[in-house]
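One structure below.
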Amino acid sequence: MHRKSTFHLFIPSRRAASNAGTPSTTSPGNRKIGQSNHKQVSFPTAGSGVDLYQRSLRHRRRKMLWSLSKTSGEYMTLKRRESLIVLGSTAFIASLSPAARALSFEPKDKLKIGTKSQIDRFGIISFSYPGPTHPAQAVKLHDGRIVAYSLLCTHMGCPVSYDAETERYVCPCHQSAYAAWNDATVVQGPAPRPLPNILLEEDQDGNIFAVGISAPVFGSSTTIQQIDEIYAKESKL
Amino acid sequence: MKRSAISALVNPLSTNKTSVYCTSCRFCNVGCGYRVISGAMITPQSPDLPIVKLENGKYVEAVPDFRCPVNSGDYSVRGAFLTETLYNPRGPTSDRLAYPMIRTNGRLLRSSWDDALDHVANRLKSYIQEGGAESVGIYHADWFGGENAFAYMRLAQVLGTRNYDLNGRLCAASGAAGLTRSLGNGSHPWSIDDIDHAEAIVLAGANASATLSVVYDKIYTHAQQGAKLIVVDVRRTLAARNAEKYGVFLQINPGTDVALYNAMAHVLIKENLVDKNYISAHVAGFGDFENHVLSNYQPEMVQRLIGVPADRIRQTAMIIGRSKPALLLSGKGLEHQAHGTDMICSIINLALITGNMGRPGGSYSPLGGHQGSIVNPPLFAGQLGHITIPNRTIFEMLDQIDKGTQKALLCACVQPMVSLPQLNRVKEILSKKLEFLVVTDIYPNETTDLADVVFPAASWGEACFTSTNTDRRARFYELFSPPPGAARPDWVVPTEIGRRMGYASHFPWNTSEEIFDELKRDTPFAGLSYARMRASGASDFQMPVPTSASIGTVRLYVNGKFPTPDKKALLWSLDYKPQPEPPTAEYPFTLVTGRENDLWQSGYTFRRVPEQVARSPHNEMLVNTGDAQRLGIHTGKTIRVRTRRGTIDIIARVTNDVPRGVLFTLWGYPGSPTNILTIDARDRTSQTPSYKACAASVSAL
Ligand code: SF4
Ligand code: FES
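Written as structure tokens, this is what we have:
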């Protein structure tokens, strides 16, 4: 009996379902805003039977790109040439040129999150993306860029909040901090990965849409807590 | 039995079994519990932690354990990438040592285990015949598993050499020595759940957010809920910033800790905030101590020395005195010092006179850095612990090698070429003077470069072993992944060498479990066994665990009885002593070294995890803004730092987090040999080097 319910919980239903849905397409006339470079890809998931190593490789490649952008960002005061010399000393990222900096976005349902005038006025728009239970936020940075991130901390899923002065997202639970000006890379605390970046799009009428996300948001696969309940049950058998 | 029930989980997408193992994090002294999920096809349990594929085709994910009382599902940026540190022939860990190697004509060449072991045994035999047992020495880690350490100890014992030391010498020795001097025993007295009961928490010289992250997470949560957080540090760390918000931050001058705690004791006695009943029942030496601090350590007298106004010292002391209970924790800031044992004793004095010792939520403990071997939790220092084992320290061994009386050194799981102070001298001695160096390790590194014989070790996940964490909790490491090539657990090396040298009867074991059963006899953890630890999910036993019915001891000294002859703890009347190398006109700065969140020790795993490298892409020297302006130093510029022992070039970071006259850099950043600069001045009692302070000069390049 128990075993049966285990099977059920092990299916990463939400993620599998969201991938099965038709990817939304971007209408050609629309302008993408926020992140400078991007390409759209679809993540294979383990649940759909794709080789996990491929998944982790892909993760790694993406991570390395993140790493790189973080590196050049955090030390913004370094002159580019100097920072490259520094990078040259670490074998793993040396081979990537800064031009390779790009995020991969998985297309998701297109969602209107507000208008350009709204964000110009308030500086911030909160919405839910990609699902109705996934808090997300678009902010306007000091340099005028508009960026959007999932608000679920990659450490243990607490909702992060924006500190406009330092342009960082800070987690109230264990103080992980993410640089909003640099693709939400981690600058402090235990978080292992950047906040998932959300791809935004603006149409001619000034409407802003969320159209894709760069990584699964926290809790979109079976959560650690759920799995632990299963173990607890199993060990009582 | 329990575990096999858990491992029966079957993935719906595959007929292959998914196995679940309870294990512990390989890194810091918190020892967080993890569940490792492994199988030919697994479903990722956590969106952000990496999954790796092993050589045998299995996927592995390590999920922080919600049921482990140590971390309750929490983890740090080091633990997050645990699985990426496993051997992966297609990944950054592909350079793991996989086969024994013997140096032939200057090059390390692959050999078989038998040949390499015979070679070592024969060489050791001939050294001992020529120069006696003292011509051979052993230096190994005390955190790579009690079983491994025990096998090396046995080897030292049968060879009859006193040249035997552990790398705890560089870490916990001052803490253990201080505890032993004041309380009669070197064990950490506290329990992690004291944090939840404390009204005030003092972090003294402990950058806990970077070094014991999960403990710090608990402290931070508790401070948000109203506990006072007091941080004493030279550098304005993340913890210090939080202390400014939730309590007090005292930014003291380097090395003035004894004066500070004596001044606080002065205030507590003057304000009548001491626990008279506790003192008369359980503490000796109060009369002398009272006279000493009342006459010499009025805060006004020492405020200039400490660098903190007398008012703030008073205010902080009153918080500690009025908080019942107050938890005092110290870090390497008090241990990596030339007078570390004194500093530890001076903070223990505070815990004793306020009657906090042994209370739930009130205790004193050093936090420690790495986990300890179960064979020598300082609990029985008299027999095997860091301090009183009649051994020679690694520094004495270096001197002997220098003099030519010691010819051979066996190293395991240590990196003397990175971690010892005054590296240039160490390199000189190990490369020129030492005749025969045997190294057992997992990666090629600066020390294997000098080795004559190299043995490949099986590491985390590839061997079963046990250790203890900061609150004396047994940590159990499961085996779930195949080691690279012919690598074998560390204990195999001393065992086989011993057998080949004619001491087979002293090495009767064939598995690590058999070693454990042997080493636990007549010890305070005789009640532990592999079976018990496995069944409990590896988390539930705090030492001592005397019998198999015992579930362990949550905290020590609950009844106020201390393991001293008169059952009383001792107050030490100590004086501030200046640093071994005070700043001069030529070397006007004090160089302080420390840790960073993602960088673990000498960085042997750090180098292989790209996201960690990205977080700290290079080592930096923190320079105060005022000093930087004066010297024309800018963030991102390379500067030259010089001490009497050596020079390094390093990138500067200009900040107000360090006070004027202080430089700060990471202790073991790979490729940035900070220890070329540090001084080989040591604590008299514990022989721990003064990594935290030496005189330096700095110039823009
Ligand atoms: S806090 Fe320490 S034990 Fe826990 S996950 Fe981090 S490194 Fe590992
Ligand atoms: S959940 Fe955000 S830092 Fe822990």
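Quick mapping for you: the protein sequence lines, in order, are chains A and B.
By the count of the working numbering, the first sequence reaches residue 295 at its end, each step adding exactly one.
By the count of the working numbering, the second sequence reaches residue 703 at its end, each step adding exactly one.
Note that the Cβ used here is the ideal one computed from N, Cα and C, for glycine as well.
Given the structure is predicted, the values throughout are model-derived calculations rather than measurements.
(message) With H, G and I counted as helix, E and B as strand and the rest as coil, what does DSSP make of B/P546?
(response) Residue numbering aside, residue 546 of chain B sits at position 544 when the second sequence is read from its first letter. In this structure, B/P546 counts as coil in the three-state DSSP scheme.
(message) So A/R251 contacts chain B; which residues on that side make the cut at Cβ distance below 7 Å?
(response) Working through the first sequence from its first residue, we reach residue 251 of chain A at position 193. Under the 7 Å cutoff, chain B gives D50.
(request) Quick one: list the residues of chain A neighbouring B/V79, beta-carbon separation under 8 Å, in chain order. (result) Within the second sequence, the letter at position 77 stands for residue 79 of chain B. Annotation: Cβ neighbours of B/V79 in chain A (cutoff 8 Å, chain order): V244, G247, P248, A249, P250.
(request) Flag A/H232 as yes if its beta-carbon sits less than 8 Å from any beta-carbon of chain B, otherwise no. (result) Position 174 of the first sequence holds residue 232 of chain A. Closer than 8 Å: yes.
(message) Can you check which of these residues, B/L481, B/V495, B/A489, is closest to B/Y532 by C-alpha distance?
(response) Here residue 532 of chain B refers to the residue found at position 530 of the second sequence. Of B/L481, B/V495, B/A489, the residue nearest in Cα terms is B/L481.
(message) Please tell me whether A/S162 has its Cβ less than 8 Å away from any Cβ of chain B.
(response) Against the first sequence, residue 162 of chain A aligns to sequence position 104. Not an interface residue.
(request) List the residues of chain A whose Cβ lies closer than 7 Å to the Cβ of B/R617, in chain order. (result) As a working mapping, residue 617 of chain B is identified with position 615 in the second sequence. For B/R617, the neighbours in chain A by C-beta distance under 7 Å run, in chain order, V244.
(request) For the ligand SF4, enumerate in chain order all residues having a CB closer than 5 Å to any of its heavy atoms. (result) For the ligand SF4, the selected residues are B/C27, B/F29, B/C30, B/V32, B/C34, B/Y77, B/S78, B/R80, B/G81, B/S215, B/V216.
(message) Considering only heavy atoms of the ligand FES, does any lie closer than 7 Å to the CB of A/Q18?
(response) In the structure displayed, chain A extends from 59 to 295; residue 18 of chain A sits before or after that span and is not available.
(request) Can you give me, in chain order, the residues of the region 213-229 of chain B that have a beta carbon less than 7 Å from any beta carbon in chain A? (result) The region 213-229 of chain B vs chain A, Cβ under 7 Å: S215, D219, Y222.
(message) So within the region 146-208 of chain B, which uninterrupted alpha helix (DSSP H) runs reach at least 4 residues, ignoring any that extend past its ends?
(response) Complete alpha helix (DSSP H) runs here, min 4: 148-161, 175-185.
(message) Quick check on B/P612: buried or exposed, where buried means 16 or more other Cβ atoms within 10 Å of its Cβ?
(response) For the purposes of this step, residue 612 of chain B is identified with residue 610 of the second sequence, where counting begins at 1. Around the CB of B/P612, 16 or more other CB atoms lie within 10 Å, so the residue is classed as buried.
(message) Counting only C-beta atoms, is A/F276 closer than 8 Å to chain B at any point?
(response) On the first sequence, residue 276 of chain A is found 218 positions in, with the first residue counted as 1. Interface annotation, A/F276: in contact with chain B, CB-CB separation under 8 Å.
(message) Does the distance between the C-beta of A/G249 and the nearest non-hydrogen atom of the ligand FES fall short of 7 Å?
(response) Position 191 of the first sequence holds residue 249 of chain A. It is worth fixing the name first, because residue 249 of chain A is Ala in this sequence and not Gly. Result yes, Cβ under 7 Å from the ligand FES.
(request) Give me the Cα-Cα distance between A/D58 and A/L257, rounded to the nearest whole angstrom. (result) Because chain A here runs from 59 to 295, residue 58 of chain A falls outside it and cannot be looked at.
(message) Need the endpoints of the alpha helix (DSSP H) that B/D401 sits in, please.
(response) Against the second sequence, residue 401 of chain B aligns to sequence position 399. Judged by DSSP secondary structure, B/D401 falls within the alpha helix (DSSP H) whose first and last residues are 396-405.
(message) Pairs of beta-carbons, one from the region 281-298 of chain B and one from the region 342-350 of chain B, closer than 8 Å: are there three or more?
(response) Flag = no, the region 281-298 of chain B and the region 342-350 of chain B do not touch.
(message) Using the Cβ count rule (16 or more neighbours within 10 Å means buried), how would you classify B/E598?
(response) The residue labelled residue 598 of chain B in the question sits at position 596 within the second sequence. Its Cβ being crowded by 16 or more others within 10 Å, B/E598 is buried.
(request) Could you give the DSSP three-state label for A/C229: helix, strand or coil? (result) To locate residue 229 of chain A, count along the first sequence from 1; it is residue 171. It is coil, neither helix nor strand.
(request) Starting from the Cα of B/G28, find the closest Cα among B/Y559, B/Q131, B/F146 and give me that residue. (result) Here residue 28 of chain B refers to the residue found at position 26 of the second sequence. Here residue 28 of chain B turns out to be Arg, not Gly, going by the sequence shown. Considering only B/Y559, B/Q131, B/F146, the residue with the shortest C-alpha distance to B/R28 is B/F146.
(request) Determine which residues of the region 55-85 of chain B have a Cβ less than 8 Å from any Cβ of chain A, and write them out in chain order. (result) Of all residues in the region 55-85 of chain B, K55, Y61, V65, P66, D67, F68, R69, G75, D76, Y77, S78, V79, A82, F83 have a Cβ within less than 8 Å of some Cβ in chain A.
(message) Please list, in chain order, the residues of the region 628-646 of chain B that have any C-beta partner in chain A closer than 7 Å.
(response) So the close ones are T637, G638.
(message) Distance check for B/K272 and B/I322, CA to CA, integer angstroms please.
(response) Stepping through the second sequence from its first residue, residue 322 of chain B is reached at position 320. Stepping through the second sequence from its first residue, residue 272 of chain B is reached at position 270. Each residue's alpha carbon lies about 14 Å from the other.
(request) Taking 8 Å as the cut-off, decide whether the C-beta atoms of B/P595 and B/L530 are in contact. (result) Position 593 of the second sequence, counted from the first residue, corresponds to residue 595 of chain B. Position 528 of the second sequence, counted from the first residue, corresponds to residue 530 of chain B. According to the sequence shown, residue 595 of chain B is Thr rather than Pro. Their beta carbons are not under 8 Å apart, which means B/T595 does not touch B/L530 by this criterion.
(message) Considering just the uninterrupted stretch of the alpha helix (DSSP H) at B/P496, what are its terminal residues?
(response) Start at 1 with the first residue of the second sequence, and residue 496 of chain B comes out as number 494. That run of the alpha helix (DSSP H) goes 494-502.
(request) Please determine if the region 522-529 of chain B and the region 485-502 of chain B are in contact, where contact requires at least 3 C-beta pairs separated by less than 8 Å. (result) By the Cβ rule, the region 522-529 of chain B does not count as touching the region 485-502 of chain B, because fewer than three pairs are nearer than 8 Å.
(request) Would you mind telling me which residues of chain A sit closer than 8 Å to B/L336, beta carbon to beta carbon, in chain order? (result) Taking the first residue of the second sequence as position 1, residue 336 of chain B is located at position 334. Chain A residues near B/L336: none, gap ~24 Å exceeds 8 Å.
(request) Identify which residue in A/M214, A/E223, A/A206, A/P248 has its Cα closest to the Cα of A/A242. (result) Reading the first sequence from its first residue, position 184 is the one you call residue 242 of chain A. Of the candidates A/M214, A/E223, A/A206, A/P248, the one whose C-alpha sits nearest the C-alpha of A/A242 is A/A206.
(message) Using a 10 Å radius around the Cβ and a threshold of 16 neighbouring Cβ atoms, would you call B/E588 buried or exposed?
(response) Position 586 of the second sequence, counted from the start, is the residue given in the question as residue 588 of chain B. Only exposed fits B/E588, as fewer than 16 other CB atoms lie within 10 angstroms of its CB.
(request) Verify whether the separation of the beta carbon atoms of B/G41 and B/K60 is less than 8 Å. (result) By one-based count along the second sequence, residue 41 of chain B stands at place 39. By one-based count along the second sequence, residue 60 of chain B stands at place 58. Contact flag set, yes.
(request) Below 8 Å CB to CB, which residues in the same chain sit around A/F180 once its five sequence neighbours on both sides are set aside? (result) Position 122 of the first sequence holds residue 180 of chain A. The beta carbon of A/F180 is closer than 8 Å to none in its chain, skipping five residues each way along the sequence.
(message) Does A/L210 come out as helix, strand or coil in the three-state DSSP assignment?
(response) Taking the first residue of the first sequence as position 1, residue 210 of chain A is located at position 152. Under the three-state reduction of DSSP, A/L210 is assigned to strand.
(message) Please list the terminal residues of the continuous beta strand (DSSP E) segment that includes B/I641.
(response) Counting from 1 along the second sequence, the entry for residue 641 of chain B is found at position 639. Its beta strand (DSSP E) spans residues 640-645.
(message) Between which two residues does the beta strand (DSSP E) holding B/C27 run?
(response) If you number the second sequence from 1, residue 27 of chain B lands on position 25. Unbroken run through B/C27: none, as it is neither H nor E.
(message) Give me the DSSP bridge partner(s) of B/C696.
(response) In the second sequence, the residue the question calls residue 696 of chain B occupies position 694. B/L593, per the DSSP bridge assignment.
(request) Starting from B/L231, find everything on chain A with Cβ-Cβ shorter than 9 Å and list it in chain order. (result) Here residue 231 of chain B refers to the residue found at position 229 when the second sequence is read from its first residue. What B/L231 touches in chain A: nothing, since even the nearest Cβ is about 13 Å away.
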